[in-house]
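**Q** Here's a structure for you.
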Amino acid sequence: MRAKSLMCALLSATIATLAPSVQAQEDYPSKPVRLIVPFPPGGSVDYVARSISQKFSDYLGQSVVVENRGGASGTIGTAAAARADPDGYTLLLVFDSHAVNASLYDITYNTFESFDYVSLIGTMPMALVTSKKSELTSARSVIETAKAKPGEIKYGSSGVGGSNHLQAVAFARQAGVQLMHVPYRGGGPMITALLGGEVDMVISSLPAVIQYAKTDQANVVAIGSKERVAQLPDVPTINSVVPGYVAQSWIGMIVPKGVPKPIFDRIQTALGKTLADPAVKTKMENDGFHIVNSSPSEFEEHVRREAKHWAEIIKAEGIKTQ
Numbered sequence: 173m174r175a176k177s178l179m180c181a182l183l184s185a186t187i188a189t190l191a192p193s194v195q196a197q198e199d200y201p202s203k204p205v206r207l208i209v210p211f212p213p214g215g216s217v218d219y220v221a222r223s224i225s226q227k228f229s230d231y232l233g234q235s236v237v238v239e240n241r242g243g244a245s246g247t248i249g250t251a252a253a254a255r256a257d258p259d260g261y262t263l264l265l266v267f268d269s270h271a272v273n274a275s276l277y278d279i280t281y282n283t284f285e286s287f288d289y290v291s292l293i294g295t296m297p298m299a300l301v302t303s304k305k306s307e308l309t310s311a312r313s314v315i316e317t318a319k320a321k322p323g324e325i326k327y328g329s330s331g332v333g334g335s336n337h338l339q340a341v342a343f344a345r346q347a348g349v350q351l352m353h354v355p356y357r358g359g360g361p362m363i364t365a366l367l368g369g370e371v372d373m374v375i376s377s378l379p380a381v382i383q384y385a386k387t388d389q390a391n392v393v394a395i396g397s398k399e400r401v402a403q404l405p406d407v408p409t410i411n412s413v414v415p416g417y418v419a420q421s422w423i424g425m426i427v428p429k430g431v432p433k434p435i436f437d438r439i440q441t442a443l444g445k446t447l448a449d450p451a452v453k454t455k456m457e458n459d460g461f462h463i464v465n466s467s468p469s470e471f472e473e474h475v476r477r478e479a480k481h482w483a484e485i486i487k488a489e490g491i492k493t494q
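Each step along the sequence shown adds one to the number in the numbering used here, with nothing skipped, and position 188 is 360.
Given below as C-alpha cells:
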C-alpha cells in the first residue's frame with residue numbers, strides 16, 4: 173500500500189508539473205511575439221521583416237514585434253535568440269552571414285545545434301550598385317577603373333562575412349581586380365554610406381536597393397542573376413562582363429532549439445500562410461524577392477551547403493574579421 177501511495181503521489185506530481193506546459197502550448201500565443209532582426213533598420217533582413225510582420229501577426233493571432241539587434245555581422249542578435257527560452261515567443265530572421273559566421277567569429281552559439289530551422293523564406297538576386305557621387309556607371313567602368321587604380325575603389329558591406337562582402341570578394345577575384353572593403357554594422361548603414369558617397373559601390377540584394385534606382389538616388393548598374401530581371405529590364409547582368417559570375421542572397425526564419433512541436437507547427441503554418449498571401453507575395457516579388465517557403469529540413473540542408481561552400485572560400489582567401 174505504501175509503495176502504491178508513493179507511486180500515486182509521484183504520478184500526481186508529474187501531472188501537476190506537465191499541466192502548465194501543456195496549457196501554455198494550447199494558449200500559444202498569449203502575448204506579443206518578438207521577431208529579432210540581427211541587423212540595423214534599412215537592410216535586406218529588415219525589409220523582409222517589415223514586409224511580413226503585419227500579415228504574420230494576423231495569421232499567428234498575436235502581435236509580432238520586430239526587434240533590431242545589429243552588430244558583428246548578425247552574431248549579437250543571433251546570440252540573443254539562442255539564449256532565449258524555446259517557448260515560441262522569440263523568432264529570428266537570418267541571411268547569408270548566418271552560414272559563415274562560425275568560420276569568422278568566436279560565436280557563443282552553434283549554427284545548427286542551437287536552433288530549429290523553420291523555413292527558407294526566399295532568395296534575392298544581388299545587384300552591383302554605384303554611388304551617384306562616383307563616376308562608375310557600369311560594371312565595365314568599375315573593372316576598368318579598378319585595374320587603372322588598384323585598391324582605390326571602396327565598396328561597402330553589412331559586415332565581414334556578409335553576402336555584400338563575400339560576393340564583392342568573388343566579383344573582384346573573377347574580374348581580376350583589387351577593391352577596398354569598408355564594413356558597416358548592417359545593410360542600412362551600408363546603403364546610407366553609398367548614398368552619401370562614403371563608398372563608391374556595393375553589391376547588395378535587389379529588394380534593398382531597387383527603390384533607390386527607381387528614385388535615381390543610386391545607380392543599379394548590373395544584376396547578379398543569370399538573366400535580366402523584370403523589375404529593371406534595361407539593367408544588364410554582371411555575368412555579361414564577368415562570365416560565370418552569379419550572386420544571390422537568401423533569408424529564412426529559425427527559432428531557439430527545443431520549441432515544442434505544437435508551437436513550432438503553429439509558427440511554421442502562420443509563416444507559410446503569410447508568404448502565400450497575395451498582398452505579401454505581390455509586394456515582395458515586385459521588389460525582386462523570390463519566395464521559396466521551404467520545409468525545415470530543406471532550409472537546414474541549404475544552410476549546411478552554404479556553410480561548407482563559403483568556409484572553403486574564406487580559408488582560400490584568408491578572410492578574417494578586422
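Every residue, glycine too, gets a C-beta built ideally from N, C-alpha and C.
#1: Does DSSP put R206 in a helix, a strand or coil?
#2: Restricting to runs no shorter than 4 residues, where is the alpha helix (DSSP H) found entirely within the segment 362-422?
#3: Suppose the cutoff is 7 angstroms on Cβ atoms and the five residues either side in sequence are ignored; what does the same chain contact list for V452 look like?
#4: What is the residue span of the alpha helix (DSSP H) that F228 lies within?
#5: Quick check: the segment 411-423 against the segment 277-290, are there 3 or more CB pairs under 8 angstroms?
#6: Determine the direct distance from the alpha carbon of E473 to that of L423, and round the result to whole angstroms.
#7: Take the Cβ of S269 as the centre, count every other Cβ of all protein chains shown within 10 Å, and call the residue buried at 16 or more, exposed below.
#8: Kindly indicate which three-state DSSP category D288 falls into: helix, strand or coil?
#9: Whose CA, out of T247, V290, F284, lies closest to the CA of A442?
#10: Check for me: the alpha helix (DSSP H) holding T441 runs from which residue to which?
#11: Rounded to the nearest angstrom, what separates E239 and K319 at their Cα positions?
#12: P355: which of V341, R345, I315 sits nearest, CA to CA?
#13: Looking at the strands, I want to know which residues DSSP matches up with G294.
#14: Measure from the alpha carbon of S335 to the alpha carbon of each residue in S303, L378, P213, G249, then state which is nearest.
#15: Taking the alpha-carbon of M425 as reference, which of P450, G444, I410 has the nearest alpha-carbon?
#16: If you follow the alpha helix (DSSP H) that L264 is in, where does it begin and where does it stop?
#17: Does A256 come out as helix, strand or coil in the three-state DSSP assignment?
#18: Spell out the partners DSSP gives M352 in its beta bridges.
#19: Taking three-plus beta-carbon pairs below 8 angstroms as touching, is the segment 323-339 in contact with the segment 406-415?
#20: I485: which of G333, I363, V393, G360 sits nearest, CA to CA?
#21: Any idea which residues DSSP pairs A342 with across the strands?
#22: Across the segment 231-249 and the segment 383-392, are there enough close Cβ pairs to call them in contact, namely three or more that are closer than 8 angstroms?
#23: How long is the line joining the alpha carbons of S330 and S245, rounded to whole angstroms?
#24: Mind checking which residues open and close the beta strand (DSSP E) that includes E239?
#25: Looking at C-beta atoms only, is the number of pairs between the segment 248-262 and the segment 458-465 that lie closer than 8 angstroms three or more?
#26: Smallest Cα separation from S303: which of P450, P408, M373, D230?
**A** In terms of the structure at hand:
#1: Judged by DSSP in its simplified three-state form, R206 adopts strand.
#2: 378-386
#3: Hits under 7 angstroms: S223, I224, K227, T446.
#4: 216-232
#5: no
#6: Here residue 423 turns out to be Ile, not Leu, going by the sequence shown. Answer to the nearest angstrom: the Cα atoms are 14 angstroms apart.
#7: buried
#8: strand
#9: V290
#10: 433-448
#11: 42 angstroms
#12: Per the Cα distances, V341.
#13: Beta-bridge annotation (DSSP): G294 is paired with I423, I463.
#14: Taking only the C-alpha atoms, the option nearest S335 is L378.
#15: G444
#16: Run containing L264: none in the alpha helix (DSSP H); it sits in the beta strand (DSSP E), 262-267.
#17: Shown here, A256 sits in coil according to DSSP, grouped into three states, outside any helix or strand.
#18: Beta-bridge pairing links M352 to K326.
#19: no
#20: G333
#21: When DSSP reads this structure, A342 sits in no beta bridge, so it has no partner.
#22: no
#23: 7 angstroms
#24: 236-240
#25: no
#26: The option with the nearest alpha carbon to S303 is M373.
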